[in-house]
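Engineer: The listed protein sequences derive, respectively, from chains A and B. Numbered per this note's numbering, the first sequence spans residues 603 to 712. Numbered per this note's numbering, the second sequence spans residues 6 to 118. Each residue gets a CB set at the ideal place from its N, CA and C atoms; glycine is no exception.
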Amino acid sequence: LAKTTQPISMDSYEGQEVNITCSHNNIATNDYITWYQQFPSQGPRFIIQGYKTKVTNEVASLFIPADRKSSTLSLPRVSLSDTAVYYCLVGDKNTDKLIFGTGTRLQVFP
Amino acid sequence: DAGITQSPRYKITETGRQVTLMCHQTWSHSYMFWYRQDLGHGLRLIYYSAAADITDKGEVSDGYVVSRSKTENFPLTLESATRSQTSVYFCASGTSGRAFEQFFGPGTRLTVL
């Protein structure tokens with residue numbers, strides 16, 4: 603299966619904007635891109651989903667370029683409670699199976 | 006209460022034993038999923054189901070069996086547990102089989118000795 607890759611970790615300070623990118627070169631044509639947040643010892647929690655261009659909700663924005671081979675989750679003004687692991691989820695073009703990204707551990711400092 | 010529950014939350018078993026992990030959701034979602042998450046790694050899809058009696062393999066299905074006789078339940082069985090199946094198992098449900106919003110359970114931590 604093609605890998606869906608993310609930076610392993612990122613550090614930020616409270617109040618800053620954080621952008622986390624996911625590379626998914628083999629994304630299925632008809633699939634969305636979904637992002638999740640996971641705290642230790644919990645299941646992942648849905649953040650945002652999109653198909654193309656830009657999507658914004660009350661907690662994040664999702665930027666998707668025209669070729670859809672990557673996506674960027676943007677968290678505005680992070681707080682300590684945003685410290686977590688973030689995953690993207692896409693469908694693989696060749697296998698038509700759902701693939702989670704490798705995950706990005708975000709650490710927010712005061 | 007509405008939501009998605011998993012049982013047991015913790016399980017220790019021995020190599021070669023059969024183990025069944027339970028998953029129950031109250032939203033009447035058509036789709037249900039099983040993932041495993043190994044220490045320090047991401048989530049990998051084991052099996053998913055589009056409806057009762059309709060299931061399909063994910064990325065890492067070898068050694069696992071699923072069934073779905075009722076929409077709300079999606080048990081995962083390890084027919085003969087191996088140490089490599091030591092992991093945290095997450096069940097999820099949703100309205101689509103695509104990369105759409107999914108709702109995850111709290112997970113089952115399984116240790117195979």
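Name the chain B residues that come within less than 9 Å of residue 669/A, Cβ to Cβ?
Structural biologist: Locating residue 669/A in the first sequence gives position 67, where the first residue counts as 1. Those do not exist, as residue 669/A stays about 17 Å from chain B at its closest Cβ, beyond 9 Å.
Engineer: Locate the beta strand (DSSP E) running through residue 656/A, then write down its first and last residues.
Structural biologist: Here residue 656/A is taken as the residue at index 54 of the first sequence, counted from 1. Here the beta strand (DSSP E) through residue 656/A covers 655–658.
Engineer: What are the partner residues of residue 636/A, as DSSP defines its beta bridges?
Structural biologist: Taking the first residue of the first sequence as 1, we reach residue 636/A at position 34. 651/A, 691/A.
Engineer: Assuming contact is defined by CB atoms lying nearer than 8 Å, are residue 671/A and residue 664/A in contact in what I supplied?
Structural biologist: Numbered from its first residue, the first sequence carries residue 671/A at position 69. Numbered from its first residue, the first sequence carries residue 664/A at position 62. Not closer than 8 Å, so no.
Engineer: If we call anything under 8 Å between Cβ atoms a contact, is residue 707/A one with residue 680/A?
Structural biologist: Walking along the first sequence from the start, residue 707/A turns up at place 105. Walking along the first sequence from the start, residue 680/A turns up at place 78. Cβ distance not < 8 Å, so residue 707/A and residue 680/A don't count as in contact.
Engineer: How many Å lie between residue 88/B and residue 668/A at the Cα?
Structural biologist: Taking the second sequence and counting its residues from 1, one reaches residue 88/B at position 83. Taking the first sequence and counting its residues from 1, one reaches residue 668/A at position 66. Residue 88/B and residue 668/A: Cα-Cα distance of roughly 44 Å.
Engineer: Measuring alpha carbon to alpha carbon, tell me which of 98/B, 80/B, 67/B ends up nearest residue 110/B.
Structural biologist: Along the second sequence, read from residue 1 onward, the residue named residue 110/B stands at position 105. Here the closest residue by C-alpha is 98/B.
Engineer: Anything in chain B within Cβ reach of residue 651/A, meaning under 8 Å, just list it in chain order.
Structural biologist: Numbered from 1 along the first sequence, position 49 holds the residue referred to as residue 651/A. Result: 104, 105, 106.
Engineer: Alpha carbon to alpha carbon, what distance is there between residue 19/B and residue 673/A?
Structural biologist: Your numbering for residue 673/A matches position 71 in the first sequence. Your numbering for residue 19/B matches position 14 in the second sequence. Cα to Cα, the separation comes out at about 42 Å.
Engineer: Give me the residue from 711/A, 701/A, 709/A with the minimum Cα distance to residue 628/A.
Structural biologist: For the purposes of this step, residue 628/A is taken as residue 26 along the first sequence, with counting starting at 1. Ranking the options by Cα distance to residue 628/A, first place goes to 701/A.
Engineer: To the nearest angstrom, how far is it from the Cα of residue 36/B to the Cα of residue 691/A?
Structural biologist: What you label residue 36/B is simply residue 31 of the second sequence in a count that begins at 1. What you label residue 691/A is simply residue 89 of the first sequence in a count that begins at 1. Going from the Cα of residue 36/B to the Cα of residue 691/A covers about 16 Å.
Engineer: What is the residue span of the beta strand (DSSP E) that residue 39/B lies within?
Structural biologist: For the purposes of this step, residue 39/B is identified with residue 34 of the second sequence, where counting begins at 1. Segment 36–42, the beta strand (DSSP E) holding residue 39/B.
Engineer: For residue 641/A, count the other beta carbons within 10 Å of its own beta carbon; 16 or more makes it buried, fewer makes it exposed. Which is it?
Structural biologist: Taking the first sequence and counting its residues from 1, the one referred to as residue 641/A is at position 39. Counting Cβ neighbours within 10 Å, residue 641/A comes out exposed, since fewer than 16 surround it.
Engineer: Check whether the Cβ of residue 651/A sits closer than 7 Å to any heavy atom of the ligand COA, and report yes or no.
Structural biologist: For the structure depicted, the ligand COA is absent and the ligand set is empty, with no information on it obtainable.
Engineer: Please list the residues of the stretch 50–65 of chain B that have a C-beta atom closer than 7 Å to any C-beta atom in chain A, keeping them in chain order.
Structural biologist: Within the stretch 50–65 of chain B, the residues whose Cβ lies closer than 7 Å to some Cβ of chain A are 50, 63, 64, listed in chain order.
Engineer: Hey, residue 64/B and residue 699/A are a contact pair by Cβ (cut 8 Å); roughly how many whole angstroms apart?
Structural biologist: For the purposes of this step, residue 64/B is taken as the residue at position 59 of the second sequence. For the purposes of this step, residue 699/A is taken as the residue at position 97 of the first sequence. The Cβ separation is near 6 Å, so the contact holds.
Engineer: Would you say residue 704/A reaches chain B, if we count a Cβ-Cβ gap shorter than 8 Å as a contact?
Structural biologist: By 1-based counting over the first sequence, the position of residue 704/A is 102. Interface residue, yes.
Engineer: DSSP three-state label for residue 118/B, please.
Structural biologist: In the second sequence, residue 118/B corresponds to position 113, counting from 1. In this structure, residue 118/B counts as coil in the three-state DSSP scheme.
Engineer: Just checking, does the stretch 78–96 of chain B make contact with the stretch 47–56 of chain B on the three C-beta pairs under 8 Å criterion?
Structural biologist: The stretch 78–96 of chain B is in contact with the stretch 47–56 of chain B.
Engineer: Kindly indicate which three-state DSSP category residue 73/B falls into: helix, strand or coil?
Structural biologist: Residue mapping note: residue 73/B aligns to position 68 of the second sequence, counting from 1. Of the three classes helix, strand and coil, the one that applies to residue 73/B here is coil, per DSSP.
Engineer: Could you please give me the residues that DSSP links to residue 664/A through a beta bridge?
Structural biologist: For this step, residue 664/A is matched to residue 62 along the first sequence. Beta-bridge pairing links residue 664/A to 657/A, 675/A.
Engineer: Measure from the C-beta of residue 111/B to each C-beta in chain A and report whether the shortest distance is under 8 Å.
Structural biologist: Walking along the second sequence from the start, residue 111/B turns up at place 106. Output row for residue 111/B: interface = yes.
Engineer: List the DSSP bridge partners of residue 49/B.
Structural biologist: What you label residue 49/B is simply residue 44 of the second sequence in a count that begins at 1. Beta-bridge pairing links residue 49/B to 41/B.
Engineer: Measuring alpha carbon to alpha carbon, tell me which residue in 45/B, 103/B, 38/B is nearest residue 653/A.
Structural biologist: What you label residue 653/A is simply residue 51 of the first sequence in a count that begins at 1. Taking only the C-alpha atoms, the option nearest residue 653/A is 103/B.
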